[in-house]
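139 is the number that my numbering gives the last residue of the sequence shown; the numbers go up by one with no jumps.
Note that beta-carbon positions come from the ideal geometry of N, C-alpha and C, so glycine has one too.
Everything numeric in this text was worked out from a predicted model, so none of it was measured.
Worksheet for the structure shown next.
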Amino acid sequence: MTSKRINPASLYESVGYGFSHATVDTKGGTVHLSGQVAWDKDYAVVGGDNLGLQARQALKNLREVLEASGSGIEQLLRLRTYIVDHNPEKLGIVSKELADFYGDVVPAANTVVGVQALALPDFLVEIEATAVLKD
């Protein structure tokens, strides 16, 4: 087997929705993370209609998946950030959360995409990522 599915017990159960939180290519060392949203372990949307708080929770979830995969923030290669009804003000809000997430680490590549909607109407932002395993 050259791949491993990652579903941290600390996050909401995703398999029932048809996906794992991440898949690790164990031969090549690449980690493919599913889009992370503001759900907590009990499927409650953290932050309600506050985009910044939702982005913070999505990034918290992303960090947990990275760590469970044997990766970390420094190993991120690329993010894709999907924002509902995107505009420049929303970009500023999400950018601040990304800056806090990275801290002193130089950010990975990121593409921001404005979308009409995400999987559920309460989701305002979703962040997917690609990373490599730690050495």
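Cβ-Cβ distance between Ser73 and Ile10 below 7 Å: yes
Examine the Cβ distances between the stretch 39-54 and the stretch 103-111 and report whether three or more of them are shorter than 8 Å. no
Which residues bound the beta strand (DSSP E) around Tyr16? First-last for Tyr16: undefined, no H or E at that position.
Using beta-carbon positions only, say whether Gly56 and Glu101 come within less than 7 Å of one another. yes
In chain order, which continuous runs of the alpha helix (DSSP H) of length 4 or greater are located wholly inside the stretch 51-100? 55-73
What are the start and end residues of the beta strand (DSSP E) that includes Gly107? Taken as a continuous stretch (DSSP letters only), Gly107 belongs to no beta strand (DSSP E), as it is neither H nor E.
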